[in-house]
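Participant: Residues 1 to 606 (full-length UniProt numbering) make up the sequence shown, in order. Glycine included, each C-beta is placed from N, C-alpha and C at the ideal position. Mind having a look at this structure? Questions to follow.
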Amino acid sequence: MEESLKLEKRQLLRNNEYYTMQNIFDDLYKQSCNNKRFKYLMQYITSKNNILLAYRNIKKNNGSTTVGTDNLNISYFQEMQLDKFIELIQNKLANYIPKSVRRVEIPKYQGSIETRPLGIPCIEDRIIQQCIKQVLEPICEAKFHKHSYGFRPNRSTDHAIARSMSLMNQAKLHYVVDLDIKGFFDNVNHSKLKKQMWSLGIQDKNLISIIGKILKSKIQEVGIPSKGTPQGGIISPLLSNIVLNELDWWISSQWETFDTKHKYSKAEHRYHAQKKTNLKEIWFVRYADDFKIFCRNPKTAQKIYNATRLWLKERLGLDISPNKSKITNLRRNYTEFLGLKLTLRPKKGKYVCQSRMCDKAKKNTIIKLKEQVKKIQKSGNSKEVSKLNSIILGSHNYYNSATHISLDFSKINFLVTKTLEIRLKQWISDKPRFSETYKRLYGNYNGKIRTIHDITIFPIYGCKTKPPKNFSQDICNYTKLGREKIHKNLRGYKHLIDYLLRTANENNTAEFHDNRISLIAGQQGKCYITGMDLEIGYMECHHKKQKCDGGTDEYTNLVWICGKAHKLIHCTKLETINKYLGLLSLDEQGLKRVNSLRKLVGNSVI
1 MEESLKLEKR QLLRNNEYYT MQNIFDDLYK QSCNNKRFKY LMQYITSKNN
51 ILLAYRNIKK NNGSTTVGTD NLNISYFQEM QLDKFIELIQ NKLANYIPKS
101 VRRVEIPKYQ GSIETRPLGI PCIEDRIIQQ CIKQVLEPIC EAKFHKHSYG
151 FRPNRSTDHA IARSMSLMNQ AKLHYVVDLD IKGFFDNVNH SKLKKQMWSL
201 GIQDKNLISI IGKILKSKIQ EVGIPSKGTP QGGIISPLLS NIVLNELDWW
251 ISSQWETFDT KHKYSKAEHR YHAQKKTNLK EIWFVRYADD FKIFCRNPKT
301 AQKIYNATRL WLKERLGLDI SPNKSKITNL RRNYTEFLGL KLTLRPKKGK
351 YVCQSRMCDK AKKNTIIKLK EQVKKIQKSG NSKEVSKLNS IILGSHNYYN
401 SATHISLDFS KINFLVTKTL EIRLKQWISD KPRFSETYKR LYGNYNGKIR
451 TIHDITIFPI YGCKTKPPKN FSQDICNYTK LGREKIHKNL RGYKHLIDYL
501 LRTANENNTA EFHDNRISLI AGQQGKCYIT GMDLEIGYME CHHKKQKCDG
551 GTDEYTNLVW ICGKAHKLIH CTKLETINKY LGLLSLDEQG LKRVNSLRKL
601 VGNSVI
């Protein structure tokens, strides 16, 4: 899972490069760092390449097949001609009126049985929100605080947990303030949000107007909201971070970024100087609306609790939940954060952080696993067994940063296995059918084997602690150095991608235009048949099943080949066939691939 996340990060950056938007994003980031005011952002948002990039990013998203209130998904655009697609989005942005938002209920967090409302915009509106997000994100990233981890590029819950553990272990901050904002996403003030965007330098009035319309999109069965950010919208997490960014910097200004009269050359000199003043040492960690303020003593904790509560009310118009907000002495009690509960315990003369799954997360994981066992009993197919494995693996990956996670999953294993043995007794076999994933992740476990429908169940107890790593602040999508830490820049075939972008045939579909770029990267710029580097002017994007025979522009129906190989696939005269066979000098695999493609177009094998 971790490797797939790395690949996803690299893919997003490659997408930016394919559509020549990376330099624009880098420039926006750099200018934002220099406090530039942006008054003409719509020119970037409505540009052809930004719209195509938005389409690509949306298409790769799992939610692209989800329909809105108009019952349309990404497939609506796949057969649309490229120029018509671009024109459609540009015209809609010119006089933007969002469609209504579909309302659904989803789990509050991974493994939860409690739900929260989610608003799903129509696919056109999602593409427009993605267009806006792509341009706003580099501007906002330059302004966001480094200890905000939720819904930001390259950051994760693991980083937030790692930062919290570091403050407890290394900084020895043993008191934590928890302030639960009452219905944060439902109570964001629209006028205040737009003013905050203006303060960040986003001063394009047309764009601010469009965002105002997005915020007031009619919600199915609810009506037009007067406040709140629509959860489920692509741009909503970014807008939420803009709202709370002001809180981040206010807390930070009390200690971490306090404006001292003397400018210190080293952080430790500054720290020791501040310790001699009446300033209160506080540090925060935030993930979306879930945040913690770490303090050195209870007196400081009480002061910052009261000050932050008042600040939220006066500045953002937000209330806290008194029942869920508290001050915790970590040497005596647990504090819950992102599904884990953290505390401090004495070890070798000092206090160290110990963490486990919180009780609610443990309960919901048990329920979720048992529900999946019931689905297997009801359906009796291997697909549901595979889903059980994915739930187990997903739970392990999410909670494995806890120091005592093996104890939690041992208990979960005991309770879930009883249900599994009773309900699926007739299908359980002790004969192993280890997948490559099983061997790689659980090959060292020697517990009882349970195989159902030829799929061996992952051991529920098989979760080891994987200490989380702090976020490296050098990582950034919008600087050259930051990107080098994420992936190696495309080499060898980038010129082919640039060429394809410059020479798009607008009579082709948006689907074909996008997939041929994905494919040339997937083939690493090499011919499918010969394995040789493709050359501009001598390469063809071939439909395996011809469009006249019902073939589509789907990725799987396309292949990049050199011009000579393309002629060999379509030619029927023996003399011509021998000519191109001689020119290509194919090996056994190359000839096999030619014949497979010749059969698909209705020609005889060679």
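Are the CB atoms of Thr300 and Glu281 within a distance shorter than 9 Å?
Facilitator: In contact: Glu281 and Thr300 (Cβ atoms closer than 9 Å).
Participant: Hey, is the stretch 459 to 478 in contact with the stretch 524 to 536, meaning 3+ C-beta pairs nearer than 8 Å?
Facilitator: With a cut-off of 8 Å, the stretch 524 to 536 and the stretch 459 to 478 do not count as touching, because too few Cβ pairs lie within range.
Participant: Using a 10 Å radius around the Cβ and a threshold of 16 neighbouring Cβ atoms, would you call Ala565 buried or exposed?
Facilitator: It counts as buried.
Participant: Give every residue of the same chain whose Cβ lies closer than 8 Å to the Cβ of Leu519, excluding the five residues on either side of it in the sequence, and list them in chain order.
Facilitator: Correct list, in chain order: Cys541, Tyr555, Leu558, Val559 and Trp560.
Participant: Pair every Cβ in the stretch 342 to 360 with every Cβ in the stretch 190 to 208, then say whether three or more of these pairs are closer than 8 Å.
Facilitator: Judged by Cβ distances under 8 Å, the stretch 342 to 360 makes no contact with the stretch 190 to 208, as fewer than three pairs qualify.
Participant: Distance check for Asn477 and Asn23, CA to CA, integer angstroms please.
Facilitator: Each residue's alpha carbon lies about 11 Å from the other.
Participant: Taking the alpha-carbon positions, what's the His159 to Asn507 distance?
Facilitator: Their Cα atoms are separated by approximately 46 Å.
Participant: Would DSSP call Asp474 helix, strand or coil?
Facilitator: Correct three-state label for Asp474: coil.
Participant: Look at Ile214 and Asp125 and say whether their C-beta atoms are less than 9 Å apart.
Facilitator: Yes, they are a contact pair.
Participant: Hey, could you find the ends of the beta strand (DSSP E) Lys292 is sitting in?
Facilitator: Where Lys292 is concerned, the enclosing beta strand (DSSP E) stretches over Asp290 to Cys295.
Participant: Give a yes or no on whether the C-beta atoms belonging to Val594 and Gln546 are separated by under 9 Å.
Facilitator: Going by C-beta atoms, Val594 is not nearer than 9 Å to Gln546.
Participant: Which residues share a DSSP beta bridge with Gly233?
Facilitator: DSSP, once it has assigned bridges, lists Gln231 as partnering Gly233.
Participant: Leaving out the 5 sequence neighbours to the left and right, which residues in its chain are closer than 7 Å to Lys48 when beta-carbon positions are compared?
Facilitator: So the list reads Ile86, once near-sequence residues are dropped.
Participant: How long is the line joining the alpha carbons of Glu79 and Gln90, rounded to whole angstroms?
Facilitator: Cα to Cα, the separation comes out at about 18 Å.
Participant: Can you give me the Cβ contacts of Ile74 inside the same chain, cut-off strictly under 7 Å, excluding the 5 residues immediately before and after it?
Facilitator: Here the set comprises Ile58, Lys59, Ser64, Thr65 and Ile123.
Participant: Taking its Cβ as the centre, do 16 or more other Cβ atoms sit within 10 Å of Tyr399, making it buried, or is it exposed?
Facilitator: It is buried - the Cβ of Tyr399 has at least 16 other Cβ atoms within 10 Å.
Participant: What does DSSP give as the partner residue(s) for Leu342 in the beta ladder?
Facilitator: In the DSSP output, where bridge partners are listed per residue, Leu342 has Thr335 and Ser355.
Participant: Report the option in Leu344, Gly339, Leu393 and Thr419 whose CA atom is closest to the CA atom of Gln377.
Facilitator: Selected option, being the one with the closest Cα: Thr419.
Participant: Taking only the alpha-carbon atoms, compute the straight-line gap between His145 and Leu238 and give it to the nearest angstrom.
Facilitator: Approximately 13 Å, taken between the alpha carbons.
Participant: Please state whether DSSP places Gln22 in a helix, a strand or coil.
Facilitator: The answer is helix: DSSP assigns Gln22 an H, G or I state.
Participant: Which of the three DSSP states is assigned to Trp249 in this structure?
Facilitator: It is helical.
Participant: Starting from Val385, trace the alpha helix (DSSP H) both ways and give me its first and last residue.
Facilitator: From DSSP, the alpha helix (DSSP H) with Val385 extends over Ser382 to Tyr399.
Participant: Please work out which residues of its chain come closer than 6 Å, Cβ to Cβ, to Asp186, disregarding the five sequence neighbours upstream and downstream, and give them in chain order.
Facilitator: Excluding positions up to five away in sequence, the list reads Gly228.
Participant: Can you list, in chain order, the residues of its chain with a C-beta nearer than 6 Å to that of His453? Leave out the 5 residues immediately preceding and following it.
Facilitator: Here the set comprises Ser382 and Val385.
Participant: Could you give the DSSP three-state label for Leu173: helix, strand or coil?
Facilitator: It is coil, neither helix nor strand.
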